[in-house]
Structure formats: C-alpha cells, structure tokens
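> One structure coming up, written as structure tokens, with questions to follow.
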Amino acid sequence: MSFDRSIKIAPSILSADFANFGAEIRAIEDQGADWVHIDVMDNHFVPNLTFGPQAVKAFRPHVKTFMDVHLMISPVDASIEAYVDAGADMITAHVEAEWHIHRTMQAIKATGKMAGVSLNPATPLESVEYLLDDVDMVLLMTVNPGYGGQKFIQSGVEKTRRLREMIGDRPVHIQVDGGVTPETAPAVVEAGADVLVAGSAVFKGGSVDAPEVYGANMKALREAAEKAQKAG
Numbered sequence: 044m045s046f047d048r049s050i051k052i053a054p055s056i057l058s059a060d061f062a063n064f065g066a067e068i069r070a071i072e073d074q075g076a077d078w079v080h081i082d083v084m085d086n087h088f089v090p091n092l093t094f095g096p097q098a099v100k101a102f103r104p105h106v107k108t109f110m111d112v113h114l115m116i117s118p119v120d121a122s123i124e125a126y127v128d129a130g131a132d133m134i135t136a137h138v139e140a141e142w143h144i145h146r147t148m149q150a151i152k153a154t155g156k157m158a159g160v161s162l163n164p165a166t167p168l169e170s171v172e173y174l175l176d177d178v179d180m181v182l183l184m185t186v187n188p189g190y191g192g193q194k195f196i197q198s199g200v201e202k203t204r205r206l207r208e209m210i211g212d213r214p215v216h217i218q219v220d221g222g223v224t225p226e227t228a229p230a231v232v233e234a235g236a237d238v239l240v241a242g243s244a245v246f247k248g249g250s251v252d253a254p255e256v257y258g259a260n261m262k263a264l265r266e267a268a269e270k271a272q273k274a275g
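Okay, so the sequence shown: first residue is 44 according to our numbering, each after it adds one.
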C-alpha cells in the first residue's frame with residue numbers, strides 16, 4: 044500500500060451488529076469506509092472480551108479494503124502469527140503490553156504485514172520515540188481502551204501535535220481512536236492525524252437495511268476532517 048496522508052476513515056466494527064458482521068462490513072465499505080478497524084480485546088489488558096483469531100479470519104472474506112487489527116491484548120508476541128494467518132493487513136500492538144515492544148514490531152514486520160504501535164492516554168510519547176523508524180503507524184488512544192462510546196480526552200490533541208513533530212518526514216501514519224466525531228476530529232486532524240477510527244459516530248442510526256445512514260455519518264466525519272487538514 045502506497046503511503047499518503049489523505050484522510051482515511053476506519054469504522055470500528057465493535058459498534059456493528061454482532062449478529063450480522065459480514066453484511067455490516069460490506070455496508071460500511073460500500074458507503075465509503077477506507078479501512079475496517081477490528082478491536083481485539085482480551086479481558087486482561089483491557090476490561091472487555093471481543094474477537095479472537097477465528098472471528099477475525101471469518102471477517103476477512105468480507106473485507107475488500109484494508110483490515111486494520113488493533114490488538115488490545117497482553118502478551119502480544121505469541122499471538123502475532125494467528126492474526127497474520129487470519130488475514131490482517133496491519134497489526135497494532137500496545138507499547139504497554141510487552142516488555143520488548145521493539146521486538147514485537149520486528150516480529151510483525153518479519154511476517155510482511157504492516158506494524159503499528161499504540162499508546163494509552165497517559166502513556167508518554169517518549170515510549171515510542173525510538174520506534175518511529177520501525178513502524179508504519181502510531182495509534183493514539185483518546186479514550187481509555189476497553190469500550191466504545193466514551194468521551195474524547197482533550198489532551199490527545201496536543202499529544203497528536205507533538206507526535207507529528209517527532210515523526211517529521213517519516214512515512215508513518217497517525218491514527219486516533221476514541222470519541223472521534225465530526226466535532227472532535229478537526230482538532231486532531233489539524234494537529235497531524237490522518238487515520239480516524241470511529242465506532243458510534245459511524246454506526247449510530249444506521250443498519251444493514253439503512254446503510255445510507257452510515258454513508259452520511261462517514262461523509263460528515265470526512266468533510267469535517269478534510270476541511271481541517273486543508274486549513275492546517
């Protein structure tokens with residue numbers, strides 16, 4: 044995948060209809076999603092339990108764009124191969140989840156997949172400063188991970204700005220996840236984010252029988268983000 048900093052909308056299927064994932068994935072892609080974001084949670088690293096490798100493998104045939112797998116699990120390294128085999132295009136692991144996060148990034152890259160590293164809201168940027176030459180993306184959590192529908196943490200805006208300065212001209216995406224809406228997205232985009240994860244903001248009010256609502260929600264988010272990117 045060629046690198047560019049255009050805005051990418053990555054709906055989190057954590058907010059989709061759990062009884063109808065295939066149709067939900069097709070609906071959001073048909074309505075303009077750029078990536079499909081899959082939140083893997085283990086009820087250990089975070090207080091929730093979601094998708095294992097077999098579920099992710101079942102999603103794969105329905106994803107025609109880009110499958111963005113966010114591992115909120117600890118430990119990570121022993122599970123990398125399982126999510127590679129499940130079809131992930133990018134695997135993101137938390138810096139807080141492994142003692143040797145550089146080794147984790149190396150292990151992901153060695154499979155030929157793209158590697159992302161994620162930071163919780165209170166984790167300082169210095170924890171990834173020496174990883175920036177070895178990753179394809181940094182994911183900044185703007186809520187505490189574990190549940191959808193939480194309120195955006197405002198300190199994430201300045202954190203995004205500082206990260207963008209640290210990245211410089213490296214081909215590294217900045218993804219923001221948590222409380223992203225048309226109201227909160229402009230600030231993080233102006234600060235340097237280019238991949239926006241949104242769950243509730245995309246899926247609210249829609250369904251596979253009314254997918255146009257997903258489209259309208261994503262259009263509103265994209266327009267707000269692209270306006271901020273151009274202004275910045």
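Virtual Cβ for every residue (Gly too), placed ideally from N, Cα, C.
Everything numeric in this text was worked out from a predicted model, so none of it was measured.
If you run the structure through DSSP and keep just helix, strand and coil, what is leucine 175?
coil
> Enumerated in chain order, which unbroken segments of the alpha helix (DSSP H) with a length of 4 residues or greater are wholly contained in the segment 63–128?
64–73, 96–102 and 123–128
> For tryptophan 78, count the other beta carbons within 10 Å of its own beta carbon; 16 or more makes it buried, fewer makes it exposed. Which is it?
buried
> What is the residue span of the beta strand (DSSP E) that valine 181 lies within?
180–184
> Could one say the Cβ of isoleucine 81 lies closer than 8 Å to chain C's Cβ atoms, at least one of them?
The chain labelled as chain C is not found in the depicted structure, where only one protein chain is given.
> Does serine 55 pass the burial test, meaning 16 or more other C-beta atoms within 10 Å, or should it be called exposed?
buried
> Going residue by residue through the segment 213–270, where are the continuous alpha helix (DSSP H) segments of at least 4 residues, counting only ones entirely within it?
228–234 and 243–246
> Looking only at DSSP bridge pairs, what is leucine 57 linked to?
For leucine 57, which the question treats as bridged, DSSP gives no partner whatsoever.
> Evaluate the contact criterion for the segment 222–234 versus the segment 255–273: three or more CB pairs, one atom per stretch, below 8 Å.
yes
> Do isoleucine 50 and arginine 204 come within 8 Å of each other at the CB atom, strictly closer than that value?
No. Outside cutoff.
> For proline 254, which residues of its own chain have a beta-carbon under 7 Å away from its beta-carbon, when the five flanking residues on both sides are left out?
Ala70, Asp73 and Gln74
> For histidine 137, list the residues DSSP reports as bridge partners.
In the DSSP assignment, histidine 137 forms a beta bridge with Ser161.
> I need the straight-line Cα distance from aspartate 60 to alanine 125, nearest angstrom please.
24 Å
> What separation, rounded to the nearest whole angstrom, lies between the Cα atoms of phenylalanine 195 and methionine 148?
27 Å
> Rounded to whole angstroms, what's the CA-CA distance from leucine 174 to glycine 258? Just pull it up for me.
36 Å
> I'd like to know whether the C-beta atoms of valine 138 and threonine 166 end up nearer to each other than 8 Å.
yes
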